[in-house]
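A quick write-up on the structure given underneath.
Numbering (my numbering), first residue to last: 8 to 397.
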């Protein structure tokens, strides 16, 4: 009979020291995002939540880890303690890692360890609950009679790269195919564009390429709006350090679209377990007449279909018109709120359950063009925002 041990890591340093079993579990798990690896989780916590209490729970059996979950503490309304995954709008760096062959008892032990943390609530803002490991987690919560709420926040587009390029193009709408032909012809008439991919071999090359790429992004609307990487020194430092870790682990890929020898579009990408992720993309507005962002995606997609090392392209962000035309499927990202114990957690979950449907209905009415009371919507959203505040 397997004897299970519960491990409780309390600092980024302990996560780094446990990188070997953590990353071994990541490789066996269904999680493909490389930022769920030990070094990337530790980096996120150290740089973006240095003052918060941290917990990483792991279940060990037969000499290897079978489950792991990183949690960062924060508070709702400065009262109720909650556990969150180490992630934000800039970077997702935490997920539930679960061995596909782990028994139900492994999840039971993990939930026991979560309850013992005395965090009344788990508040996970962006998790793919449709994936098998999260489905098993929800099943375990139901078996224990632990209440939770979930709702979809947005969907992320995927491209299935296991088909062939011609069949993929044939599935496009006629209008989209004409747009791509027109765009390509215009670029060719002006001298053509070239795609280059870089996997830096040293720190100096990495720094040069990142500065070149982030400068391209800064020349877009993001720079004017103050949301580019270069306009946020904290995130610039974080992403440069993250890129170094990803590069050392063999996951980083930097793509440039060049016109007349100049980079006009850039993508900071990650490859994990045959899945390519697009966390950051930008283009130079001066060349908008060439549609550089779409040309970059066209060139990359064609190259990916010819690469047997890739099965899927994950756009890693809310599905929008610019990506929807390229996707072959999509999956949901949801918020999961779990009352893990105590009256404060149950009351907070009940408040969330009562407020969220009303906010969603008001939003739908406004988006649909119906009359809505903006004051009511603002009050409802403010209440929900206060619950989410850290």
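All C-beta atoms in this analysis are idealised placements derived from N, C-alpha and C, irrespective of residue type, glycine included.
Contact between the region 320-339 and the region 207-225 is absent: fewer than three C-beta pairs spanning the two stretches fall below 8 Å. The region 70-96 is shown to contain whole beta strand (DSSP E) runs of 3 or more residues at 71-83 and 87-91, in chain order. Between residue 113 and residue 102, the C-beta spacing is not below 9 Å. Inter-residue distance for residue 15 and residue 28 is about 14 Å (C-alpha atoms, whole angstroms). Following the DSSP letters along the chain, one finds residue 134 inside the beta strand (DSSP E) bounded by residues 128-134. With a threshold of 16 other beta carbon atoms within 10 Å, residue 258 meets it and is buried. Inclusion of residue 167 and residue 336 in the CB contact set at 9 Å is warranted, their separation being smaller than that value. Collapsing the DSSP output to three states places residue 232 in a helix. Ranked by how close their Cα comes to the Cα of residue 110, the residues 200, 232, 20 and 67 have 67 in first place.
Residue 260 counts as buried, since at least 16 other C-beta atoms from the protein chains shown sit within 10 angstroms of its C-beta. Beyond the five residues adjoining it in sequence on each side, residue 92 comes within less than 6 Å, by CB distance, of 101 and 131 in the same chain, given in chain order.
Counting every other CB atom within 10 Å of its CB across the protein chains shown gives residue 340 a total of 16 or more, marking it as buried. Close CB contacts of residue 54 within its chain, under the 6 Å cut and outside five residues either way in sequence, are with 245 (chain order). Between residue 347 and residue 121 a beta carbon distance of about 6 Å is seen, short of the 8 Å cut, so the two are scored as contacting. In this structure, residue 156 places its C-beta atom within 9 Å of the C-beta atom of residue 344. Counting only the Cα atoms, residue 354 lies some 15 Å from residue 125. Cβ neighbours of residue 194 within its own chain (closer than 8 Å, five residues either side excluded): 200, 266, 297 and 302. Judged by pairs of C-beta atoms under 8 Å, the region 311-322 touches the region 158-167, as three or more such pairs exist. Under DSSP, the beta-bridge partners assigned to residue 269 are 266. DSSP places residue 330 within a helical segment (H, G or I) once states are collapsed to three.
Under the three-state reduction of DSSP output, residue 281 falls in the coil class, being neither helix nor strand.
A Cβ-Cβ separation of about 10 Å leaves residue 44 out of contact with residue 31 under the 8 Å criterion.
In the three-state DSSP reduction, residue 31 falls in the helix class (H, G or I). Its Cα nearest to that of residue 144, the residue 75 stands out among 75, 176 and 98.
Of the residues assessed, residue 271 falls on the buried side of the cut-off, its CB having 16 or more other CB atoms within 10 angstroms.
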